[in-house]
Each structure stands twice: as structure tokens, then as C-alpha cells.
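FYI, in my numbering the residues of the sequence shown are 1 to 547.
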Amino acid sequence: MNPVSGGVRRIALFVGLALAALLYPQETRTHPHVLVVAATDVVFNDAGEITEMRHRWVFDLPFSIYAVEGLDVNGDKVYSREELAPLAEVNATSLEEYDYFTFLYSGDEEPPYGKPKDYWLERAVDGTLTLHYTLTLEAPYKPHGLPVEIGIYDPEYFVAFSLDEKEPARLINAPADCKLTVRRPPPLDAAAAAKLAELPASMRELPAEYTGLVTDIENRLTITCGDVVAAAEPQARAIEPSGTPFGVAPIEPGFKPGSGGPFAKFLSWVSAQQSRFYRLISDAVTATKESPLAAFSVLAFAFIYGVLHAAGPGHGKAVISSYVLANGETARRGAIIAFLAAMLQAVSAIAIVGVMTLVLRMTSASMTRTAGLLEIASYVLIVAIGVSLVWRAVRGRGASRAHAHAHAHSHDDGHEHLPDGSCCGHAHAPDPASLKQPLSLASAWSAILAVGIRPCSGALILLVFCFAQEMYLLGVAGTFAMAVGTGGITAAIASSALGARALVARLARSPASTATLSFAIELGAGAFVLLFGLVFLAGALGRQGMI
């Protein structure tokens with residue numbers, strides 16, 4: 001066998017690294033699906049000690065409507081505090097593993113929290129929900145000549161917090177010499193996120209010149225009482241939750257600012273744009289009630305949202321690209337598989353929301369649990385696909401070597417070479433003529449199902465938002481517009497992967513080197529899918545409390 005040339009090896013390595021970087025799974029939450037406007041009262045006792053923080057968090061309208069689905073027990077379309085009580089309890093208690101998105105520091109001290117109390121929800125006339133809850137400290141805390149810093153934000157950027165414009169915070173019963181300073185973060189800076197991404201993962205303490213970058217994603221309240229000395233900037237808190245924020249927010253893997261990688265700057269921009277278009281879609285849906293022409297804006301924004309959704313991290317393009325790469329599909333077949341998977345994802349979201357809200361009248365918590373179970377099923381299928389691809393690559397390589405050994409002894413072996421280039425019941429390489437045959441869904445169903453069975457979180461919220469306002473066709477059309485955008489980008493990335501494989505194959509100097517490279521690509525793609533599925537299956541099982 002002729003060895004693979006050094007040039008081809010280098011090209012193959014470059015292509016492999018580029019694709020791995022682009023498709024690398026990020027073990028984090030994705031772009032904001034929940035927008036919160038926060039206001040906080042910091043309460044002191046008569047001894048001048050901080051005892052608790054009373055939060056008022058107003059959720060965005062689409063999430064508010066999603067969250068209350070199925071809770072109107074008496075059907076009067078008015079959500080009383082009693083009807084919302086179970087949701088309020090889920091909201092408040094589920095925040096513990098997120099540190100209540102409230103990070104209190106004073107110098108090197110982090111006073112521990114007690115349990116939340118006095119939690120309740122109220123629904124405004126416009127449909128928005130406000131969560132009221134009191135976060136207590138385990139013991140009263142008195143600042144010791146240092147400023148008290150209170151950060152209110154989500155380090156993983158799944159929940160986008162902003163402070164109330166009129167009255168973001170108040171000091172209750174504070175000593176006369178206490179002052180409050182409010183700092184609002186500027187919009188997410190992609191350049192800052194990229195700079196932070198340059199730091200190695202092993203670095204636990206940020207250099208002084210980097211600390212300002214971290215605080216730019218925080219909403220911060222600073223309390224000073226009497227004479228204080230300067231304190232070091234607090235580090236951004238890392239959280240490792242296993243559940244869902246507020247108990248009903250559907251989540252999916254994705255990117256968070258500063259998580260690193262060669263595409264950190266681009267992905268930060270994508271995250272910010274997804275948040276922007278999430279707002280634009282909800283505003284356009286609301287406007288449609290007054291002007292039906294606004295429906296076209298909903299479809300346009302939903303399509304762009306789908307494009308951005310596919311451009312960011314997610315398992316869709318990773319699985320589809322790896323699948324078509326391992327199977328040597330044509331670009332046209334890869335595009336068809338990508339679009340079918342995206343369409344199935346839309347159908348899955350429509351089926352969940354349609355059946356569970358219109359027929360069964362189930363709650364948002366039930367929808368979130370169902371989406372979580374479908375997420376597990378999706379990753380189980382991905383693991384199965386990975387095992388199948390790896391096994392097929394290894395078995396095919398072994399059969400190819402055995403066949404080559406037999407040919408070394410005798411070429412007059414009586415083998416009948418079939419028109420598709422195969423003999424002895426197996427093919428040495430895909431024949432160009434066979435690739436022109438129509439796509440067989442029987443061979444691609446596993447990849448389509450693995451990607452499509454799990455609905456997009458944005459589509460679930462959009463559908464519930466539209467269905468609650470009896471704009472059913474708009475919700476369905478918007479969901480499919482998202483799917484078209486997602487399918488287009490996924491198809492383009494899959495085609496790029498196939499083009500890279502074809503380039504490497506053309507540069508190979510012999511059939512033997514082509515076979516070796518094909519084996520390496522097939523094995524690598526299968527191993528990638530397997531690892532991807534295992535990593536995210538573990539996360540999905542953890543979120544459902546199964547491990």
C-alpha cells in the first residue's frame with residue numbers, strides 16, 4: 001500500500017480541525033429565551049445589617065404567556081394569585097441551583113443565602129408576569145468598611161436581565177450614611193468576549209486588566225455605608241445547574257459569552273442577534289393584532305432567527321454534517337436530509353403545543369418535561385448513530401484489508417464485479433453512478449429523526465404565544481419559517497463538509513491513500529457523533545433528574 005502523502009495528511013488535518021472547531025459541542029445554555037426586567041429592595045435591620053433582598057422580576061410577554069399555559073383552572077381567563085401559586089413555588093425553588101441569579105460580595109466574603117420566602121406571581125393587564133420573592137441571608141450581614149456588591153445576571157446568558165428604568169433598586173431601613181450606586185451593563189460586547197476566550201481554562205483568577213470585561217455583562221448594585229476602602233472587583237460567578245431556570249423555561253445546549261474557542265467572537269455576535277430577533281418576533285406578533293400586514297414581519301424575523309439559530313452551536317448541523325460525511329452522500333442529498341430534519345423539528349414543536357395546549361390543556365411545565373424527554377430520545381438516537389457509524393467504518397476497513405490480502409495471492413479468484421463496483425457483496429468505494437440514484441429515506445431516517453424529534457425552544461414559545469392569542473396559522477407559519485432558515489444553514493454547512501472531503505480525495509495520489517483517508521474520515525465522523533451524543537445525553541439526563 002502506498003503511504004498517504006504528507007501534503008494530503010496536512011490538508012486532512014486542517015480540514016478536520018476546522019470542522020471540529022465549527023461543530024464542537026458547547027456544554028452550556030444557549031441564547032436568551034427569557035428576558036427579565038429586575039428591581040430589588042435591599043432590606044436592613046435596626047442594627048444596620050443586611051437581612052434580605054426583595055426581588056421583583058418582570059418576564060417578557062412571550063415567556064409569560066408560555067409559563068401560565070394550563071393554569072386558568074376555572075376558565076375565566078383571569079389568573080388569580082391562587083392559580084399562579086404552584087408556578088410561583090416552582091419559579092422560586094428552582095432558582096437555588098442558579099444562585100438565584102443574585103451574587104452578593106463584600107471584599108472576599110460571599111454571605112450565604114437562606115431559603116426564598118414570600119414568593120408569588122401577579123399577571124398584568126398586558127399579560128406579563130411579575131415574580132415577587134424575598135431572598136434571605138443565612139445570617140444578618142454588616143459590611144465591614146467594604147462596599148457591598150450585588151450582581152443580578154445570568155453568567156450563562158440564557159436569561160437576559162436588565163434593570164428597571166425608573167426604580168432599579170431601593171435601600172429599605174438603611175443607615176443614613178448608606179448610599180446606593182446602580183451600574184447597568186452595556187450591550188454584550190463580542191470583542192470583550194473574544195478577549196476573555198483567549199485565557200486558558202486553567203486560569204482561576206483573572207488578571208487585573210480583564211476584570212472590567214467580565215463585569216460588562218452584569219447588572220450591579222453597589223452599597224457603601226460610612227467610610228469604606230476600595231475592594232477588588234468580584235469575579236464572575238460560575239454556575240453548573242442541572243435543571244431548568246424558573247422550572248418551566250425550555251433550554252437547549254449552546255454558547256455563552258466568554259466560553260472560548262476559535263469562533264467565540266462570531267458566536268457572541270450570533271447570541272446577541274438571536275436575542276434581538278427574539279424581541280422583534282414577539283413585537284411583530286403583538287402588532288399583527290392591530291395590522292395584519294405585520295404578519296409578514298413575523299415570518300421574516302422568524303426566518304432570520306432560524307438562520308441565526310443554526311449558525312450558533314447546536315446538535316443539528318453537527319449530526320447532519322457528520323452523518324453525510326461518514327456516508328459519502330452528495331451535496332444534494334445532504335441538503336435534503338438537512339431540510340427534512342428541520343421540517344420534522346417544526347412538526348415536533350407544532351405537535352407538542354397543539355396537542356398539549358389545545359387538546360389536553362396541559363401546563364407549560366408538562367410541555368417542558370415532554371420536550372426534555374424528547375431531548376433524551378434525540379441524544380439516545382445520536383449515540384446509536386455514532387455506534388453504527390464507528391462499527392461500519394471498522395468492519396468495512398477489516399473487510400477491505402482481508403479482500404486486499406486475498407487479491408495479493410490470486411487475482412483470478414472468480415469474483416464477480418457488479419456494476420456498482422462491488423464484489424463479494426461489499427463495495428470498495430461508492431460508484432459515481434450509484435450516487436445519482438434517488439435518496440433512500442430508509443437509510444437516512446435515523447439522522448433525520450435524531451435531529452428533528454427535539455423541538456426548538458424558540459418555536460415552542462412562539463407557538464404558545466400565538467396560540468394563546470388565537471393566531472394559530474401565524475404560529476405554524478412562523479415555526480416553519482424558522483425551520484427553513486435552520487435547514488438552509490445546516491445544508492450549507494453539510495455541503496461544505498462534503499466539499500472538503502472531496503477536495504482531500506482529489507489530492508490523494510493513489511487509490512490506496514484515498515481508501516485510507518476515507519476510512520479516517522468515516523471513523524472520525526462516527527466517533528464525533530458518538531462522543532457528541534454521550535456528552536449531551538448525560539446533560540439531558542441530569543436536567544431530568546435521572547442521573
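Cβ atoms here follow ideal geometry from the backbone N, Cα and C, with glycine treated the same way.
Practice task
For residue 309, count neighbouring C-beta atoms within 10 Å of its own C-beta (all shown protein chains included) and say buried if the count is 16 or more, exposed if not.
Solution key: With a threshold of 16 other beta carbon atoms within 10 Å, residue 309 meets it and is buried.
Practice task
Determine the direct distance from the alpha carbon of residue 539 to that of residue 112, and round the result to whole angstroms.
Solution key: 27 Å
Exercise for the section: Grab the span of the alpha helix (DSSP H) containing residue 64 for me, first residue to last. Expected result: 61–67
Exercise for the section: Mind checking which residues open and close the alpha helix (DSSP H) that includes residue 460? Expected result: 457–468
Problem - Alpha carbon of residue 528 to alpha carbon of residue 322, nearest angstrom - result: Inter-residue distance for residue 528 and residue 322 is about 7 Å (C-alpha atoms, whole angstroms).
Practice task
Kindly indicate the opening and closing residues of the alpha helix (DSSP H) around residue 81.
Solution key: 81–94
Practice task
May I have the straight-line CA-CA distance separating residue 382 from residue 319, to the nearest angstrom?
Solution key: 7 Å
Problem - Cβ distance (whole Å) where residue 58 is taken to contact residue 51 below 8 Å - result: Contact check for residue 58 and residue 51: beta-carbon distance about 24 Å, past the 8 Å limit, so the pair fails to qualify.
Handout entry: Endpoints, the alpha helix (DSSP H) within which residue 160 is located
Key = No alpha helix (DSSP H) holds residue 160; the beta strand (DSSP E) holding it covers 159–163.
Handout entry: Where the beta strand (DSSP E) containing residue 44 begins and where it ends
Key = 34–44
Problem - Whether residue 530 touches residue 380 by CB criterion (8 Å) - result: no
Exercise for the section: Please work out which residues of its chain come closer than 6 Å, Cβ to Cβ, to residue 118, disregarding the five sequence neighbours upstream and downstream, and give them in chain order. Expected result: 134
Problem - C-beta atoms of residue 81 and residue 122 nearer than 8 Å - result: yes
Problem - residue 108 in three-state terms, based on DSSP - result: coil
Handout entry: Residue burial classification, residue 461 (beta-carbon count within 10 angstroms, cutoff 16)
Key = buried
Practice task
Verify whether the separation of the beta carbon atoms of residue 494 and residue 334 is less than 8 Å.
Solution key: With respect to residue 334, residue 494 sits close: the two C-beta atoms are nearer than 8 Å.
Handout entry: Proximity of residue 55 and residue 38 at Cβ, strictly below 8 Å
Key = yes
Handout entry: Burial state of residue 346 (16 or more Cβ within 10 Å)
Key = Buried is the call here.
Practice task
Would you kindly check if the distance between the Cβ of residue 294 and the Cβ of residue 287 is under 8 Å?
Solution key: For residue 287 and residue 294, yes; Cβs fall inside 8 Å.
Problem - Meets three-Cβ-pair contact criterion under 8 Å: the segment 474–483 and the segment 367–380 - result: no
Problem - Whole-angstrom distance between residue 138 and residue 349, CA atom to CA atom - result: 42 Å
Problem - CA nearest to the CA of residue 70, picked from 467, 391 and 41 - result: Minimum Cα distance to residue 70 is reached at 467.
Exercise for the section: Can you give me the start and stop residues for the beta strand (DSSP E) that residue 180 sits inside? Expected result: Counting along the chain, the beta strand (DSSP E) containing residue 180 begins and ends at 178–183.
Problem - Beta-carbon proximity check, residue 342 vs residue 483, cutoff 8 Å - result: If you check the CB distance, residue 342 and residue 483 come in under 8 Å.
Exercise for the section: Pick out whichever of 392, 72 and 35 has its Cα sitting closest to the Cα of residue 364. Expected result: For the set 392, 72 and 35, the Cα lying nearest the Cα of residue 364 is the one of 72.
Handout entry: Other residues of its chain near residue 151: CB distance less than 6 Å, five sequence neighbours each side excluded
Key = 103, 218 and 220
Problem - Own chain residues within Cβ distance below 8 Å of residue 76, not counting five before or after - result: none
Practice task
Give me the Cα-Cα distance between residue 503 and residue 445, rounded to the nearest whole angstrom.
Solution key: 28 Å
Exercise for the section: Measure the CB-CB distance between residue 492 and residue 324 and report whether it falls below 8 Å. Expected result: no
Problem - C-beta atoms of residue 450 and residue 385 nearer than 8 Å - result: yes
Problem - Proximity winner among 116, 124 and 115, relative to residue 65 (alpha-carbon distances) - result: It is 124.
Problem - Counted within 10 angstroms of its Cβ, other Cβ atoms place residue 290 as buried (16 or more) or exposed - result: exposed
Handout entry: Extent of the continuous alpha helix (DSSP H) to which residue 355 belongs
Key = Neither: residue 355 is in no alpha helix (DSSP H) and is coded neither H nor E.
Handout entry: CB of residue 60 within 8 Å of CB of residue 282, strictly
Key = yes
Practice task
Determine the direct distance from the alpha carbon of residue 126 to that of residue 280, and round the result to whole angstroms.
Solution key: Residue 280 and residue 126: Cα-Cα distance of roughly 17 Å.
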